[in-house]
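The sequence shown begins at 1 in UniProt numbering and counts up by one.
Cβ coordinates follow ideal geometry from the N, Cα and C atoms, glycine included.
Read through the structure below, which is laid out as structure tokens, and then see the notes.
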Amino acid sequence: MNMETDTGQNALNLTPDYTVDARNQPCPMPILMLKRLLKTIDKNLSSSENSNSKIMILIKATDPNSQQDLAHFCQIQQLKIVQQMIVDDEFHYYIEK
Numbered sequence: 001m002n003m004e005t006d007t008g009q010n011a012l013n014l015t016p017d018y019t020v021d022a023r024n025q026p027c028p029m030p031i032l033m034l035k036r037l038l039k040t041i042d043k044n045l046s047s048s049e050n051s052n053s054k055i056m057i058l059i060k061a062t063d064p065n066s067q068q069d070l071a072h073f074c075q076i077q078q079l080k081i082v083q084q085m086i087v088d089d090e091f092h093y094y095i096e097k
């Protein structure tokens, strides 16, 4: 998986609705933290009228294994990785739900 190196600005100027801070967490914690957030989002959306709106999630991780793990998880869950980059030795993933 190709990751672009960035100085801190995401190229697409994406604004996350939610941020998962999984820095300094070993695998599989970034995935588990994302799963927990997705459950909360789904619970909130089921009681909301805007269940068709797209949601942007930013995941910050330092574990290099998160690249493969998140790509695989997103594929299974039918989530879209819109942008991914390395910022100051961190992996940033913008995921659309």
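Spatial distance of residue i from residue j (CA atoms)
i	j	result
LEU79	ASP88	25 Å
PRO28	ILE57	18 Å
ARG36	LEU14	22 Å
THR40	GLU90	25 Å
PRO30	LEU70	8 Å
THR7	SER66	Confidence at THR7 is low in this model, with a pLDDT of 48, below 50, so its placement is unreliable and the value that follows should be read with caution. About 20 Å.
VAL82	LEU34	16 Å
ILE59	SER46	23 Å
PRO26	SER53	31 Å
LEU32	LEU38	10 Å
CYS74	HIS92	14 Å
ALA22	PRO64	12 Å
Secondary structure of residue i, DSSP reduced to three states
i	result
GLN84	strand
ILE95	strand
ILE31	helix
THR7	Caution is warranted here: a pLDDT of 48 is assigned to THR7, below 50, making its placement in the model unreliable, and the coordinate value is therefore given only provisionally. Three-state result, THR7: coil.
THR62	coil
ASP21	strand
Minimum C-alpha distance to residue i - residue among the options
i	options	result
VAL20	ASN13, THR62 and SER53	THR62
GLN77	LYS60, ASP42, SER47 and GLN83	ASP42
GLN68	ILE55, GLN84 and LYS54	GLN84
TYR94	ILE55, PRO64 and ASN24	ILE55
Any C-beta of chain C under 8 Å from that of residue i
i	result
PRO30	Here there is only one protein chain, and chain C is not present.
Sequence-distant residues of the same chain with beta carbon closer than 6 Å to residue i, five excluded per side
i	result
LYS97	ILE55 and LEU79
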